[in-house]
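Be aware that the sequence shown starts at 1, since it is given in the UniProt record's numbering, and climbs by one per residue.
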Amino acid sequence: KVSKLHSPHNTHTAEKTLYTQNTNEGRRRRRRRHNLSSATLNMALTTASTNGMWMTEDCKRSFMEMKWKKVHRYIVFKIEEKSRKFAVDKVGAAGESYHDLAASLPENDCRYAVFDFDYVTVDNCRMSKLFFITWSPEASRIREKMVYATSKSGLRRVLEGIHFELQATDPTEMGFDKIKDRAK
Numbered sequence: 001k002v003s004k005l006h007s008p009h010n011t012h013t014a015e016k017t018l019y020t021q022n023t024n025e026g027r028r029r030r031r032r033r034h035n036l037s038s039a040t041l042n043m044a045l046t047t048a049s050t051n052g053m054w055m056t057e058d059c060k061r062s063f064m065e066m067k068w069k070k071v072h073r074y075i076v077f078k079i080e081e082k083s084r085k086f087a088v089d090k091v092g093a094a095g096e097s098y099h100d101l102a103a104s105l106p107e108n109d110c111r112y113a114v115f116d117f118d119y120v121t122v123d124n125c126r127m128s129k130l131f132f133i134t135w136s137p138e139a140s141r142i143r144e145k146m147v148y149a150t151s152k153s154g155l156r157r158v159l160e161g162i163h164f165e166l167q168a169t170d171p172t173e174m175g176f177d178k179i180k181d182r183a184k
């Protein structure tokens, strides 16, 4: 006995049904993949996935304001170890300079900073580059240095659009001349 699905008269119908099921499944998969991607993006905005640190809404908002609206010149981030969150320690207004950022970093605590460096090229074009600075002074505790070192990659992944990275243990390693040299 020949089944209805494999009979010579229903071959076209069976292939059409199979094709329709495959394309519908493909659409569902693409939709699921898209939803997964947006869910992953939302998760990346709230957590630095490698170490379980969370970002506060203030961190995200301040970074987006600096990146797109140019409201801030720099942002200094700190880790709140008890709550396992990245938090904004200080925000520099648009009129502040790199020297203000360097002065705002503590002498004995680690911090992350993002600096918006504006400059003019040889062709007289105004450009802007974002620098990610890891501040880990010699006087800070070893545990704190380890926490900041392991959390850096997670924060960097969330802060999209960073052009250059700088790591410093004393002010001479992050002088303004080093920023200018890296940007050009």
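Glycine is no exception: its CB is placed at the ideal position from the N, C-alpha and C atoms.
Every value quoted in this text rests on a predicted model; they were computed, and no experiment measured them.
Under the criterion of beta carbons closer than 8 Å, S140 and M53 do not qualify as touching, at roughly 18 Å. A direct Cα-Cα distance of roughly 22 Å separates F77 from R182. For V120 and L101, the gap between their C-alpha atoms comes out near 21 Å. For T56, the secondary structure class from DSSP, reduced to helix, strand or coil, is coil.
For the options K145, G161 and E65, the alpha carbon positioned closest to that of K129 is the one of G161. Take Q167, set aside five residues on each side of it, and the residues of its chain with a beta-carbon closer than 6 Å to its own are T134, in chain order. By the 16-neighbour rule on beta-carbons within 10 angstroms, A113 is buried. Residue P171 holds the alpha-carbon nearest to the alpha-carbon of S104 among K180, K184, D177 and P171. Note on K82: under 16 other CB atoms within 10 angstroms of its CB, so exposed under the neighbour-count rule.
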